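Inspection log for the structure reproduced underneath, given as structure tokens.
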Amino acid sequence: MSTKFVKQKETPLLEVRNLQTGFKIDGEYYNAVDNVSFHVNRRQIVGIVGESGCGKSVMSLSIMQLLAQGIGKIRGGEITFENKLISSMNDNEMNKIRGKEISMIFQEPMTSLNPVFTIGYQIQEVLLNHEKITKKVAKQKAIALLKSVGIPRADKIVNEYPHQLSGGMRQRVMIAISIACQPKLLIADEPTTALDVTVQAQILELLKDIQAVNEMSIILITHDLGVVAEICDEVIVMYAGKIAERASVMELFEHPKHPYTQLLMKAIPKMDEEVEKLATIDGLVPSIKDMPAVGCRFSNRCPNVMPQCMQVTPELQSIELGHEVACHLYDTNILKEVGVI
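The numbering used here applies: residue 1214 is where the sequence shown begins, and numbers increase by one.
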């Protein structure tokens, strides 16, 4: 008699459901992230891409609950981490998770690192906050962490200050701080933006190595599709606070479906092509105060716009296994209305 083993679907490490995050402007809240849902599996690298102001960083700050008090707040939806509802946790509860189970690398290391404390002190602070160890052991761990992220003379650097290091070295310090307690999820917000191309490649390679060794998940927030192609398993394309498209990195680059994603791909310079002028996307992203109440938010810039695009809000729908898009071009009911099919 043969026995069949059915592999159960793995529960996502992080799940974001119908997230709405708003900011108070002139006494009224406007959503910077509007009804966004996605998940991150264990040992997965998910890239979130889009233009400045599309809601990428706001979403990461919502996950970490680091929104400016009194100005920004989660207005709807849920965020669960390892089946724990973290979006409703208070500061004391979140402090046990931040830095230990979920860590974040912020955009600019020079402003993220405290200029008046040594590198070693700032790494030890995380360790002492989450682990029951002595200051001596914490310093030894800090030196080991600096070595693990490729910083030479770690025993000397541990006593130096942020201004004494280069941009690439400061970013490595930020990575050392973020992985100090071996988190299960690392959120990297534009980790290579301020670095030159050579250092950028080194940082990406370092993140890949750390992810493989620690078997952690990464959310990589960037506007650079080249970075996404280099490191990510899956890509989420955002536009004006909403998800436009989601797919595996290979699928997205080979078969982009949303007109916005297609235009982004066309704007990437190619080594084997000579062009006088790079492709651009006409128009501007609507401001947070002027988002259309209904319809597709990309309709004012879309080359394939239909009347329904300004009247009906497109829902994120699965068009192929693992490929979702929010566009009426893939809605058979809408296409029948306009006589395309």
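We put the beta carbon where it would ideally sit given N, CA and C, even for glycine. All figures in this text were calculated on a predicted structure; none of them were measured in a lab.
CB of residue i within 7 Å of CB of residue j, strictly
i       : j       : result
Ile1332 : Ile1370 : yes
Ser1594 : Ile1318 : Outside the displayed range of the chain (1214 to 1554) lies residue 1594, so it cannot be described from this structure.
Val1253 : Leu1226 : yes
Val1246 : Gly1454 : yes
Gly1285 : Phe1236 : yes
Gln1384 : Ile1416 : yes
Ile1469 : Met1478 : Looking at the sequence shown, residue 1469 is not Ile but Pro. Yes.
Ser1275 : Thr1324 : no
Identified DSSP bridge partners for residue i
i       : result
Tyr1242 : Lys1237
Thr1435 : Val1262
Val1253 : Leu1227
Ala1460 : Val1448
Lys1455 : Tyr1452
His1536 : Glu1533
Ser1325 : Answer is none; Ser1325 lacks a bridge partner.
Thr1293 : Glu1228 and Leu1298
Ser1430 : Leu1398
Nearest-angstrom Cβ-Cβ length linking residue i and residue j, presumed shorter than 8 Å
i       : j       : result
His1376 : Pro1328 : 6 Å
Ile1449 : Ile1261 : 5 Å
Val1412 : Gly1381 : 4 Å
Leu1476 : Ile1494 : 5 Å
Leu1232 : Met1272 : 7 Å
Which of helix, strand or coil DSSP assigns to residue i
i       : result
Gly1260 : strand
Asn1231 : strand
Ala1355 : helix
Tyr1374 : coil
Lys1549 : helix
Met1317 : strand
Glu1467 : helix
Asp1446 : coil
Met1214 : Residue confidence for Met1214 is low, a pLDDT of 43 falling below 50, so the modelled location carries little weight; the figure read from the coordinates is stated next. Looking at Met1214 - three-state DSSP - the assignment turns out to be coil, as it is neither helix nor strand.
Arg1385 : helix
Lys1220 : Per-residue confidence for Lys1220 stands at a pLDDT of 48, beneath the threshold of 50, marking its modelled position as unreliable; no derived number is given.
Ser1270 : helix
Leu1280 : coil
Ser1512 : coil
Thr1493 : coil
Asp1503 : helix
Any non-hydrogen atom of the ligand SAM closer than 6 Å to residue i Cβ
i       : result
Ile1292 : For the ligand SAM, the structure offers nothing, since it holds no ligand at all.
message: Within 8 Å, do at least three Cβ pairs link the segment 1512–1529 to the segment 1262–1270?
response: no
- prompt: If we count Cβ pairs, one from each stretch, closer than 8 Å, do we get three or more for the segment 1281–1298 versus the segment 1346–1363?
  reply: no
query: On the three-pair Cβ rule with 8 Å, is the segment 1542–1552 touching the segment 1508–1522?
result: Enough Cβ pairs lie closer than 8 Å, so yes.
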